[in-house]
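Below: one structure, written as structure tokens.
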Amino acid sequence: MSGAVDLSPRIPAARRIGAGFGGDPLLAGLVGLVLASALGLVLLQPAPYLVNMIGQLAAFAILAVSLDLVWGYLGILSLGHGLFFAIGGYVCAMHLLAHAYAVTGRAPDLMQFMGWKSLPAYWAGLTNAPYALALALGLAVAVAFAFGLASFRSRVNGVYFSIISQALVYVAMLLMFRNDTGLGGNNGMTGFDVLFGWPMSTPGIATGLAVATLVALAGVLAGARALVASPLGRRMLACRDDEARLRTLGYGTTRLKLGIWCLSAAIAALAGILYVPQVGIINPRVLSPDLSIEIAVWVAIGGMGRLSGAVIGAVAVNALKFWLSAALPEAWPFILSGLVLAVVLGLPNGLLDLATLRLRPTWLRRGGARP
Amino acid sequence: MSALVIDGLTVVFGAFRALDGLSLAVDPGEVRAVIGPNGAGKTTLLDAITGITRPKSGHIHLGDGLDLTKRSEAEIARAGVRRKFQKPSVFPALTVRENLGLGCGPGCPAATRSARLAAALSETGLEGRADVPAGALAHGEKQWLEIGMVLASEPRVILLDEPVAGLSDAETARTAEIIGTLRRPDRAILVIEHDMAFVEAVTDRVTVLHEGRTLFEGGMAQARADARVIEVFLGR
Ligand SMILES: Nc1ncnc2c1ncn2[C@@H]1O[C@H](COP(=O)(O)OP(=O)(O)OP(=O)(O)O)[C@@H](O)[C@H]1O
Ligand SMILES: [Mg+2]
Chain A
1 MSGAVDLSPR IPAARRIGAG FGGDPLLAGL VGLVLASALG LVLLQPAPYL
51 VNMIGQLAAF AILAVSLDLV WGYLGILSLG HGLFFAIGGY VCAMHLLAHA
101 YAVTGRAPDL MQFMGWKSLP AYWAGLTNAP YALALALGLA VAVAFAFGLA
151 SFRSRVNGVY FSIISQALVY VAMLLMFRND TGLGGNNGMT GFDVLFGWPM
201 STPGIATGLA VATLVALAGV LAGARALVAS PLGRRMLACR DDEARLRTLG
251 YGTTRLKLGI WCLSAAIAAL AGILYVPQVG IINPRVLSPD LSIEIAVWVA
301 IGGMGRLSGA VIGAVAVNAL KFWLSAALPE AWPFILSGLV LAVVLGLPNG
351 LLDLATLRLR PTWLRRGGAR P
Chain B
372 MSALVIDGLT VVFGAFRALD GLSLAVDPGE VRAVIGPNGA GKTTLLDAIT
422 GITRPKSGHI HLGDGLDLTK RSEAEIARAG VRRKFQKPSV FPALTVRENL
472 GLGCGPGCPA ATRSARLAAA LSETGLEGRA DVPAGALAHG EKQWLEIGMV
522 LASEPRVILL DEPVAGLSDA ETARTAEIIG TLRRPDRAIL VIEHDMAFVE
572 AVTDRVTVLH EGRTLFEGGM AQARADARVI EVFLGR
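Residue numbers (our numbering), protein chains in the order written: chain A, 1 to 371; chain B, 372 to 607.
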């Protein structure tokens with residue numbers, strides 16, 4: 001032995017063999033809280049605006065988890081995750097419009113605006129909800145696959161990948177601003193009057209959507225936890241920390257990155273699917289580069305590389321935004337920037353540092369074991 | 372028949388020839404040292420063998436004829452070529468045990484894996500540190516962990532880049548001991564090192580590299596007496 005003093009924490013066996021939430025009590029508590037709020041919405045029937053807000057926060061939390069999987073656990077910073085969120089959202093909006101048209105017979109605004117007699121051919125079948133769901137997820141995965149394959153195979157990494165992903169979401173935004181895409185152009189799509197045959201204004205629809213989103217969040221967290229605690233999760237961390245080294249141990253990293261990247265895209269699309277009926281509108285602004293950067297900010301503020309961090313960051317920042325953008329809308333960008341600075345300088349691991357009361361910077365905590 | 376044959380290997384970085392028509396053959400069961408002044412091209416040689424750097428010309432064959440210059444890093448590793456890097460390269464976020472588990476390589480059956488894990492832990496003397504994150508290990512322990520990751524896959528070619536750099540005398544002696552246990556009749560080991568006493572202790576033959584070419588090949592005693600070798604080492 002080298003005679004170095006062992007200053008590192010002993011890690012209980014449960015932390016390593018990820019049986020359920022065994023090693024992450026914070027996450028287990030969080031999932032419990034999510035499910036409890038779903039129950040609370042049903043039993044207590046709070047004011048509709050509150051129900052709606054909780055549902056939207058849960059959708060953002062799912063989106064943040066999808067980014068944390070690729071960024072925090074695999075080291076791929078996407079600054080274009082709004083693209084996959086938007087794919088889910090747009091396909092969901094198409095389903096809602098097609099469905100409302102079929103039920104009420106009233107032509108959607110965009111048909112009247114474009115002077116169309118019927119919806120274009122690519123809307124065919126979208127009245128069918130399972131098909132719409134499959135299309136949303138399939139399209140997100142297909143786009144992610146094509147972009148991921150091109151990037152990972154040619155070993156586009158780090159900041160180059162981030163910039164290209166941002167360019168991609170920007171191009172998609174420009175595309176969607178055009179009216180002739182048949183997806184509402186600048187105005188986007190709205191007027192989602194019917195959901196599964198029920199008028200959107202039916203009492204209980206808002207609660208149903210919020211509960212579904214909370215349950216989806218709990219499911220995504222449980223699944224993501226199982227993934228990161230598995231041997232594949234070890235490989236993800238290894239790839240994050242030293243991809244070249246992992247390859248020289250015999251592991252092809254392209255397939256690993258591509259698989260997790262596509263999974264992340266599908267989860268982001270799911271968030272978009274659940275988000276759109278709750279806000280009642282989608283337009284190209286979900287594709288704006290700022291939103292995609294903001295997702296990364298949520299994750300960074302909450303604490304990247306921890307699933308609970310992603311959830312806490314998304315909920316904390318967006319709850320603040322809901323509140324402040326009503327009170328002082330102009331101040332929001334400054335408050336967000338201030339928050340980022342405070343976290344970067346004071347809490348290098350995000351708000352989770354507060355949760356675990358570790359206020360010293362990471363490098364001080366290493367116990368001198370580092371050179 | 373040789374376990375590793377390098378034939379006319381040339382690696383260029385722009386106009387600079389880091390390796391210039393280098394040829395080298397290592398026999399099974401042999402421990403070969405590659406020594407040479409800084410910038411001689413030693414690490415570049417390992418980069419070419421492991422597929423990280425593509426040579427401009429020349430070939431690298433394993434004993435069974437597999438040409439490594441046409442394979443990816445992962446394929447080369449799966450063919451049984453493993454490397455310890457000059458800068459200790461362990462995965463800091465994973466425990467010692469998890470690092471060794473990755474060292475076994477993909478598709479290793481669970482039973483084999485746990486047997487090799489136990490063997491690697493005891494050969495490197497890291498049993499007591501199995502559940503410590505690798506990022507918290509001391510420098511010497513990281514070097515041993517990395518050697519453990521190499522041997523966990525039971526490779527047929529082992530490449531070690533400066534395994535005792537920055538180690539104390541006691542740690543160096545311990546490392547020499549570990550490398551002694553790696554030697555097997557069906558395995559070729561290539562060690563790059565600046566520490567001549569260490570080289571003398573663990574290797575059979577040395578290849579002296581200078582400006583990307585072989586300057587000398589033979590026993591350590593003859594190398595010490597060779598006029599050209601002396602000049603290169605004194606002249607730097
Ligand atoms: N990626 C690269 N691009 C350009 N030049 C490089 C690259 N890698 C190595 N070199 C150059 O090639 C030469 C050989 O480098 P190499 O790292 O192989 O030397 P070495 O023999 O391992 O030296 P040391 O004993 O210092 O580790 C050096 O002059 C180095 O600057
Ligand atoms: Mg070197």
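Backbone N, C-alpha and C define an ideal beta-carbon position, used for all residues, glycine too. These numbers come from a predicted model, not from an experiment.
query                                                                                                                                                                                    : result
Looking at the C-beta of GLY519 (chain B), does it have a partner C-beta in chain A at a distance below 9 angstroms?                                                                     : no
Name the one or two DSSP bridge partners that GLY190 (chain A) has.                                                                                                                      : Correcting the residue type first, residue 190 (chain A) is Thr in the shown sequence and not Gly. Per DSSP, A:ILE281.
Can you give me the C-alpha to C-alpha distance between ALA594 (chain B) and ILE518 (chain B), rounded to a whole angstrom?                                                              : 27 angstroms
For chain B, check one thing: does any of its Cβ atoms lie closer than 9 angstroms to the Cβ of ARG285 (chain A)?                                                                        : no
Does the CB of ARG234 (chain A) have a neighbour CB from chain B at under 9 angstroms?                                                                                                   : yes
Would ASP242 (chain A) pass as an interface residue toward chain B - the criterion being a Cβ-Cβ separation below 9 angstroms?                                                           : yes
Using 9 angstroms as the threshold, is the C-beta distance between ILE301 (chain A) and GLY350 (chain A) below it?                                                                       : yes
Tell me which residues of the region 215-239 of chain A have at least one Cβ-Cβ distance to chain B shorter than 8 angstroms, keeping chain order.                                       : PRO231, ARG234, ARG235, LEU237, ALA238
Helix, strand or coil for GLY379 (chain B)? Go by DSSP, reduced to three states.                                                                                                         : strand
Compute the distance between the beta-carbons of PRO528 (chain B) and LEU390 (chain B), then report whether it is under 9 angstroms.                                                     : The amino acid occupying residue 528 (chain B) in the given sequence is Val; Pro does not appear at that position. Cβ distance not < 9 angstroms, so VAL528 (chain B) and LEU390 (chain B) don't count as in contact.
Fully enclosed by the region 282-325 of chain A, which alpha helix (DSSP H) runs are 4 residues long or longer?                                                                          : 289-302
Between LYS260 (chain A) and LEU69 (chain A), which are expected to be in contact by the criterion C-beta below 8 angstroms, what is the C-beta distance as a whole number of angstroms? : The residue asked about is misnamed: residue 260 (chain A) is Ile in this sequence, not Lys. Their Cβ separation, rounded to whole angstroms, is 6 angstroms, which keeps ILE260 (chain A) and LEU69 (chain A) in contact under 8 angstroms.
Let me know the alpha helix (DSSP H) ranges lying completely inside the region 465-533 of chain B, each 4 residues or longer, listed in chain order.                                     : 467-474, 481-495, 510-522
With three or more C-beta pairs closer than 8 angstroms as the rule, is the region 531-547 of chain B touching the region 374-382 of chain B?                                            : no
Should the region 130-140 of chain A be regarded as contacting the region 30-49 of chain A, the criterion being three or more beta carbon pairs within less than 8 angstroms?            : no
Along chain B, in chain order, which residues have C-beta atoms closer than 8 angstroms to that of LEU137 (chain A)?                                                                     : The contacting residues do not exist; LEU137 (chain A) stays about 28 angstroms from chain B at best.
Run the CB neighbour count on GLY422 (chain B), radius 10 Å, all protein chains shown included, and call it buried at 16 or more, exposed below.                                         : buried
Can you name the residues of chain B whose CB is closer than 7 angstroms to the CB of GLY303 (chain A)?                                                                                  : What GLY303 (chain A) touches in chain B: nothing, since even the nearest Cβ is about 14 angstroms away.
Taking Cβ-Cβ distances below 9 angstroms as the criterion, which residues of the region 546-574 of chain B are in contact with chain A?                                                  : none
Who sits around ligand 1, taking every residue whose Cβ is closer than 5 angstroms to one of its heavy atoms?                                                                            : B:PHE384, B:ALA389, B:ASN409, B:GLY410, B:ALA411, B:GLY412, B:LYS413, B:THR414, B:THR415
Can you list the residues of chain A that THR421 (chain B) reaches, using a CB-CB cut of under 7 angstroms?                                                                              : THR248
Give the residues of chain B in contact with ARG245 (chain A), contact being defined as C-beta atoms less than 8 angstroms apart.                                                        : PHE456, SER460, PHE462
What separation, rounded to the nearest whole angstrom, lies between the Cα atoms of PRO277 (chain A) and PRO203 (chain A)?                                                              : 14 angstroms
Where LEU183 (chain A) and PHE177 (chain A) are concerned, what is the direct C-alpha to C-alpha distance, given to the nearest angstrom?                                                : 9 angstroms
Going by C-alpha to C-alpha distance, which of A:GLY80, A:ALA142, A:ALA216, A:SER201 sits closest to PHE161 (chain A)?                                                                   : A:GLY80
Let me check one thing: in DSSP terms, what residues is HIS565 (chain B) bridge-paired to?                                                                                               : Answer is none; HIS565 (chain B) lacks a bridge partner.
State buried or exposed for GLU512 (chain B), treating a residue as buried only when at least 16 other CB atoms are found within 10 Å of its CB.                                         : buried
Do VAL311 (chain A) and ALA38 (chain A) count as a contact pair if the criterion is CB distance below 9 angstroms?                                                                       : no
For SER190 (chain A) versus ASP109 (chain A), is the C-beta spacing smaller than 9 angstroms?                                                                                            : Correcting the residue type first, residue 190 (chain A) is Thr in the shown sequence and not Ser. Cβ atoms of THR190 (chain A) and ASP109 (chain A): closer than 9 angstroms.
Where does ASP353 (chain A) sit, in a helix, a strand or coil, going by DSSP?                                                                                                            : helix
Could you tell me how far apart the beta carbons of ARG453 (chain B) and SER524 (chain B) are, in whole angstroms, since I believe they sit closer than 8 angstroms?                     : 6 angstroms
From this set, B:VAL600, B:GLY590, B:THR578, B:ALA598, which residue's C-alpha is nearest ALA396 (chain B)'s C-alpha?                                                                    : B:THR578
Please tell me whether GLY23 (chain A) has its Cβ less than 9 angstroms away from any Cβ of chain B.                                                                                     : no
What residue does the beta strand (DSSP E) around PHE587 (chain B) start on, and which one ends it?                                                                                      : 584-589
Please determine if the region 457-467 of chain B and the region 489-505 of chain B are in contact, where contact requires at least 3 C-beta pairs separated by less than 8 angstroms.   : yes
Quick check on the burial criterion: 16 or more other C-beta atoms within 10 angstroms. Buried or exposed for TYR251 (chain A)?                                                          : buried
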